[in-house]
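Protein chains in written order, with the numbering used here: chain S, 535 to 711; chain G, 4 to 144. Let me begin by presenting the structure, written as structure tokens, before commenting on it.
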């Protein structure tokens, strides 16, 4: 019994001490939360996310090239079944890359892409016919660029990039390279 | 998942190269003409890779993986078709092993592993006759 009274006194004393401490420190309790809101505005994207976003855009460009080559308006019509097979693999690449990028539904709709679509040396934005040579160059550029990105991403993403790069490299050979 | 060390990843790649060297010896005996020439070239490439990996492991101060006297093959090799299937299977194993190297923290080893994957994936396409979407990540077909 006698032990409780001192504890209650400590609790009561501390309850009255806090405003006194703040006062002696020259601030009020409301000032503790008066600084800038750390969550105000859109936080910057992690480097891996920025890189993945760029790789997804590059893959989309490659797919666009293949679709243009297959739509009959380009000279790259020879070996159509082979091109379809390569296009299918690029679509699989894109699906797997997108699966690595998880965005909350609200931000996915409201926020613009963090990086502009890169056109690349053989990007879909570049006009002109899509020849086999152009596809081959685009595949080679893709494989090269993916290997360059390996150093800066986390291991699982690096392995996916390396696998896709290996696939792209085999496409160069399949296209006669 | 525990981070893989460079030495462990290099040793795994070396083990895959040793298995490929053994397997190509079996496959080559059932091939003729240009296919046999290709098998011999690939066998030489794997020997060179084995030597390079052994040197890299030694520079890390780690003991190399000794090649086995015999490797259990995944299926019976009795003709050119099964020999080519074996060659593709071996290259898939090499690709998977180098994929492990891509996961280490050293960026130079990541690049080395990725480029080696391109080589083995390309050889697998030659033997299999078709490309794959995810070399090293797919099960050997």
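C-beta: ideal position from N, C-alpha, C; glycine also. Since the model is a prediction, treat every value here as computed from it, not as a measurement.
- Neighbours of residue 584 of chain S across chain G, judged by C-beta separation under 8 Å, do not exist; the nearest C-beta is about 18 Å away.
- Taking a contact to require three or more Cβ pairs closer than 8 Å, the segment 110-119 of chain G and the segment 692-705 of chain S qualify as touching.
- Between residue 97 of chain G and residue 12 of chain G, the C-beta gap is not smaller than 7 Å, which leaves the two residues out of contact.
- Residue 54 of chain G counts as exposed, since fewer than 16 other C-beta atoms from the protein chains shown sit within 10 angstroms of its C-beta.
- Taking each of S/569, S/688, S/695 in turn and checking the Cα distance to residue 592 of chain S, the smallest one comes out for S/695.
- Within a 10 Å sphere around the beta-carbon of residue 589 of chain S sit 16 or more other beta-carbons, which makes this residue buried.
- For residue 114 of chain G, the residues of chain S that pass the 7 Å Cβ criterion are 681, 684, in the order they occur in the chain.
- The criterion of a C-beta distance shorter than 7 Å is satisfied by residue 693 of chain S and residue 105 of chain G.
- The shortest C-alpha to C-alpha distance from residue 66 of chain G to any of G/131, G/9, G/94 is the one to G/9.
- The Cβ-Cβ distance between residue 89 of chain G and residue 26 of chain G falls below 7 Å.
- Residue 33 of chain G carries a coil assignment under DSSP once its states are collapsed to helix, strand and coil.
- The C-beta distance from residue 599 of chain S to residue 664 of chain S rounds to 5 Å, short enough to meet the 8 Å contact threshold.
- Exclusion of the five residues before and after residue 112 of chain G leaves 9, 104 as the residues of its chain whose Cβ lies within less than 6 Å of its Cβ.
- When DSSP states are grouped into helix, strand and coil, residue 567 of chain S belongs to the helix group.
- Distances from the CA of residue 711 of chain S to each of S/633, S/685, S/669 were compared; the closest alpha carbon is that of S/669.
- Under a 10 Å Cβ-count criterion, residue 138 of chain G is classified as buried, with 16 or more other Cβ atoms of the shown protein chains found around its own Cβ.
- Apart from sequence neighbours up to five positions away, the residues of its chain that approach residue 15 of chain G with a beta-carbon distance below 6 Å are 100, 103, ordered along the chain.
- In the three-state DSSP reduction, residue 634 of chain S falls in the coil class, being neither helix nor strand.
- Listed in chain order, the positions of the segment 115-131 of chain G with a beta carbon within less than 9 Å of a beta carbon of chain S are 116, 117, 118, 120, 121, 122, 123, 124, 125, 127, 128, 129.
- Against chain S, the beta carbon of residue 96 of chain G has no neighbour under 8 Å; the closest one sits roughly 14 Å away.
- Between residue 696 of chain S and chain G, the shortest Cβ-Cβ separation is below 7 Å.
- Taking residue 85 of chain G as the centre and dropping the five residues before and after it, the same chain places the C-beta of 33, 78, 79 closer than 8 Å to its C-beta, in chain order.
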